[in-house]
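Asks: Quick note, this note's numbering runs 118 ahead of the 1-based positions in the sequence shown.
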Amino acid sequence: MISGGGGVVDAGQAETAGNAGASPVRRGRADLHMHTAVGDGLSSVPEILRYVVEETDLDVIAITDHDDVRAALEARDLAARHGGRTEVIPGTEITTRQGHVLALFVERDFPMMQSLDQTLAAIHESGGIAVCPHPMSWLTTAISEAHLRRLHALGDDGRASGTYFDALEVLNPSIAGRVAYARAKNLNRAELHLPVIAGSDAHAAHLIGTAYTTFPGRTAADVRAAVAAGTTRAHGRFWTLGETWSIAGESTYRAWFILPVRRVQRVLGTANPPVSQPPSPTAPLAQNEGDMGDRAEVAADG
Ligand SMILES: [Zn+2]
Ligand SMILES: [Zn+2]
Numbered sequence: 119m120i121s122g123g124g125g126v127v128d129a130g131q132a133e134t135a136g137n138a139g140a141s142p143v144r145r146g147r148a149d150l151h152m153h154t155a156v157g158d159g160l161s162s163v164p165e166i167l168r169y170v171v172e173e174t175d176l177d178v179i180a181i182t183d184h185d186d187v188r189a190a191l192e193a194r195d196l197a198a199r200h201g202g203r204t205e206v207i208p209g210t211e212i213t214t215r216q217g218h219v220l221a222l223f224v225e226r227d228f229p230m231m232q233s234l235d236q237t238l239a240a241i242h243e244s245g246g247i248a249v250c251p252h253p254m255s256w257l258t259t260a261i262s263e264a265h266l267r268r269l270h271a272l273g274d275d276g277r278a279s280g281t282y283f284d285a286l287e288v289l290n291p292s293i294a295g296r297v298a299y300a301r302a303k304n305l306n307r308a309e310l311h312l313p314v315i316a317g318s319d320a321h322a323a324h325l326i327g328t329a330y331t332t333f334p335g336r337t338a339a340d341v342r343a344a345v346a347a348g349t350t351r352a353h354g355r356f357w358t359l360g361e362t363w364s365i366a367g368e369s370t371y372r373a374w375f376i377l378p379v380r381r382v383q384r385v386l387g388t389a390n391p392p393v394s395q396p397p398s399p400t401a402p403l404a405q406n407e408g409d410m411g412d413r414a415e416v417a418a419d420g
């Protein structure tokens, strides 16, 4: 259903067991990776929910701002109150020392710049699931092939200590995802055998659904069950150049200047702006030399 100049991709057939002869019942659709204007995205939570309900056939979305779960919780509550057909999984994209990690089904923030292993254990301790976004990409702060192999080699010990990924975001339609797509897909098929998901990593509403995960069922709980059972499939297409540029300017501005100010404010406890009122673009800039996560993200992650 989704196609365009970015090239159609469907990682599902190759990544899951054959499904020939299965019932024609429609599988649920979920976009499990996106950002809001509370973070470095451009669209507000209400704008995102309106777009999802009116312009897509997604049953489930996950909101995954960088190191900040507030918008995800707001979206989940807003969607539930309005009783629409779309369910919201609260999540966050955590900046670890080894790269970004998506935490889904979590309701709290996690400390930035911890080790990958500490973060994975903390996600599972919190009852969440951990997904590796844009795996092996050299255009953003991504988990490397070496770390994916190392975690895989931990086997049962990794499961026992919570040090494992529940799924691989094998399809991320941004340029950061595109550059590593084939390598990550092939590594997973040959060795890792992780359940696959796709998420748009949209930083603006109009890119939501460009990549999506299908699963048996319709609900967020069904998504979780499908990840556990390895029955998810990844679908979508890479963004066109025009789509990439459509968000590049303002998203870069927000990631470089607004988010660092907010993080300093949060660390210092000097401000905690309400979710619905982003700070003024004229707020004074702060020094934040160590904030590598979003600077790297700017280059390519949308
Ligand atoms: Zn990322
Ligand atoms: Zn992201």
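The C-beta atom is built at its ideal place from N, Cα and C for all residues, glycine as well.
#1: Taking only the alpha-carbon atoms, compute the straight-line gap between W357 and G295 and give it to the nearest angstrom.
#2: Who does V314 pair with in a DSSP beta bridge?
#3: What residue range is occupied by the uninterrupted alpha helix (DSSP H) comprising T237?
#4: Which residue spans inside the segment 292 to 350 form an unbroken beta strand (DSSP E) run of at least 3?
#5: According to DSSP, is G159 helix, strand or coil?
#6: Find the nearest neighbour of H151 within the set E172, G209, D175, judged by alpha-carbon distance.
#7: Among residues of its own chain, excluding the 5 on either side of D177, which ones have a beta-carbon nearer than 8 Å to its beta-carbon?
#8: With C-beta atoms as the reference, is T258 less than 8 Å away from L272?
#9: What span of residues does the alpha helix (DSSP H) with A193 cover, start to end?
#10: Does the separation of the CB atoms of R188 and V224 fall below 8 Å?
#11: According to DSSP, is V143 helix, strand or coil?
#12: Please report the residue range of the beta strand (DSSP E) in which A180 lies.
#13: Near L191, which residues of its chain fall below 7 Å by C-beta distance, leaving aside the five closest residues on each side in sequence?
#14: L286 and A316 - do their beta-carbons sit closer together than 8 Å?
#15: Taking contact to mean at least 3 C-beta pairs separated by less than 8 Å, is the segment 338 to 351 in contact with the segment 210 to 219?
#16: Should E309 be labelled buried (16 or more other beta-carbon atoms within 10 Å of its own) or exposed?
Replies: Concretely, from the data shown:
#1: Residue mapping note: residue 357 aligns to position 239 of the sequence shown, counting from 1. Residue mapping note: residue 295 aligns to position 177 of the sequence shown, counting from 1. Straight-line Cα distance between these residues: approximately 10 Å.
#2: In the sequence shown, the residue the question calls residue 314 occupies position 196. According to DSSP, which records beta bridges pairwise, V314 is partnered with L286.
#3: Position 119 of the sequence shown, counted from the first residue, corresponds to residue 237. Unbroken alpha helix (DSSP H) run through T237: 234 to 243.
#4: Taking only runs of at least 3 residues, the beta strand (DSSP E) segments lying wholly in the segment 292 to 350 are 314 to 316, 329 to 333.
#5: As a position in the sequence shown, residue 159 is number 41, starting the count at 1. Shown here, G159 sits in coil according to DSSP, grouped into three states, outside any helix or strand.
#6: For the purposes of this step, residue 151 is taken as the residue at position 33 of the sequence shown. Comparing Cα positions, the closest option is G209.
#7: The count along the sequence shown starts at 1 and reaches residue 177 at position 59. Closer than 8 Å at the Cβ level, and outside the excluded window around D177, lie G146, R147, A148, R203, T204, E205, R336, T337.
#8: For the purposes of this step, residue 258 is identified with residue 140 of the sequence shown, where counting begins at 1. For the purposes of this step, residue 272 is identified with residue 154 of the sequence shown, where counting begins at 1. Their beta carbons are not under 8 Å apart, which means T258 does not touch L272 by this criterion.
#9: The count along the sequence shown starts at 1 and reaches residue 193 at position 75. 188 to 200 is the span of the alpha helix (DSSP H), which, as asked, contains A193.
#10: Along the sequence shown, read from residue 1 onward, the residue named residue 188 stands at position 70. Along the sequence shown, read from residue 1 onward, the residue named residue 224 stands at position 106. Cβ atoms of R188 and V224: not closer than 8 Å.
#11: Reading the sequence shown from its first residue, position 25 is the one you call residue 143. V143: coil per DSSP, three-state reduction.
#12: Stepping through the sequence shown from its first residue, residue 180 is reached at position 62. Its beta strand (DSSP E) spans residues 178 to 181.
#13: Looking up residue 191 in the sequence shown gives position 73. Correct list, in chain order: P208, E225.
#14: One-based indexing of the sequence shown puts residue 316 at position 198. One-based indexing of the sequence shown puts residue 286 at position 168. Cβ atoms of A316 and L286: not closer than 8 Å.
#15: Because the criterion of three Cβ pairs below 8 Å is not met, the segment 338 to 351 and the segment 210 to 219 do not touch.
#16: Position 191 of the sequence shown holds residue 309. Exposed, by the Cβ-count rule.
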